[in-house]
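Basically the numbering used here = 1-based index in the sequence shown + 907.
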Amino acid sequence: IIQLYGPLNYFGTFYRAIQKNFIDMENMFDLMNITPDVRDAPDAKDLVLINGQVEFRNVTFSYQPERIVLQNVSFVVPPGKTLALVGPSGSGKSTIVRLLFRFFDVDSGSIIIDDQNIQQVTQTSLRKAIGVVPQDTVLFNNSIKFNISYGKVESNDSEIMHSAMAAEIHERIMKFPDQYNTQVGERGLKLSGGEKQRVAIARTLLKAPAIVLLDEATSALDTKTERQIQAALDQVCANRTTIIVAHRLSTVIHADEILVLKDGEIYERGRHDDLIIRNGLYAEMWSEQRKSTSDIPTNEDPVAPG
Ligand code: ATP
């Protein structure tokens, strides 16, 4: 196979770069308490969720006028289905996710949730409908309980505990000095990358949003931890419309649709098997990753290249 992108682990290279780009958006909005340039329309109504279908219609966007970052991007994620975004660093994956969260407004085209243009709904109702599991969760200098309940402030102790159990962090918390009241964050107990991700998962399970945006962990977690977290992540995504900036073969293989982005355009699209048969950029990326990772699907490996 021709090595279009050199001998490096292609996925690994651009996924490491994601880490600094894909920020903990939910927290950031609160910490900044502003959304620059984005305002509720004067007649904005609350988003009425029906089943959580997400649609991008001919979306074009640039951060700076002279450079288009997304060009004419269209896709539909039907209710409960999973869309995986893959592509080289800087191709626009995180930008898609940021636009859906309405961190920025599109230049042209529209983003539609259940037939409502997100520019016509209140930002509060939009963000209530969307759960974000970032790669790197920023914890508040507060109790672990607060950090989980941040997903749904009005939740009670039993709900918090149940979501922690489902995210498989409850037992760990019970070993903390003050259990659920233990202070975490920079000035408290430091949690590992995997533990922080479990907090984000527990938070999202508690929030129970119709739509989930997920930035999968990369080399930040070891393979064993990732495998363990996968079960919890599967729960978060189950029956929810999911958009994943995908790093893991297992996710990409199982996605209902994969968008391969390149220079802000959809370069290839389809399911894993279709894209492998196509033998283009995706097939190249996939075989590169297969060569250089231990994350090789075995019994569920539908197409073995080479
Ligand atoms: P990676 O895999 O490295 O995270 P990505 O595919 O997620 O990349 P984006 O983060 O969406 O790519 O970035 C797309 C392009 O937009 C890049 O060229 C990037 O430099 C640029 N960009 C991203 N954020 C901003 C910003 N806030 N201001 C200006 N340009 C930006």
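By construction, the Cβ of each residue, glycine as well, lies at the ideal position given by its N, Cα and C atoms.
Within 8 Å of the C-beta of residue 945 there is not a single heavy atom belonging to the ligand ATP. Residue 961 carries a strand assignment under DSSP once its states are collapsed to helix, strand and coil. Apart from sequence neighbours up to five positions away, the residues of its chain that approach residue 962 with a beta-carbon distance below 6 Å are 983, 1019, ordered along the chain. With a threshold of 8 Å, the Cβ atom of residue 1002 counts as near the ligand ATP, since some heavy atom of the ligand is closer than that.
Between the region 1033–1046 and the region 952–972 there are three or more C-beta pairs closer than 8 Å, enough to call the two in contact. In the pairwise beta carbon analysis, the region 969–978 is classified as not touching the region 1037–1055: fewer than three pairs are separated by under 8 Å. Taking a cut-off of 8 Å for Cβ pairs, the region 1069–1079 and the region 1135–1147 touch, as three or more such pairs fall below it.
Taking C-beta atoms as the reference points, residue 1105 and residue 1079 count as a pair closer than 9 Å.
If you draw a straight line from the Cα of residue 1047 to the Cα of residue 1054, it comes to about 6 Å. DSSP places residue 1008 in the coil class of the three-state scheme, outside both helix and strand. Ranked by Cα distance from residue 966, the options 986, 993, 1009 are led by 1009.
In this structure, the CA atom of residue 1108 is about 10 Å from the CA atom of residue 1121.
Bounds of any beta strand (DSSP E) do not take in residue 1117, whose DSSP letter is neither H nor E. Residue 1070: member of the alpha helix (DSSP H) spanning 1064–1073, first to last residue.
Nearest to residue 1138 by C-alpha distance, out of 1025, 1004, 1112, 1163, is 1112.
Residue 1084 is classed as exposed because its beta carbon has fewer than 16 other beta carbons within 10 Å across all chains shown.
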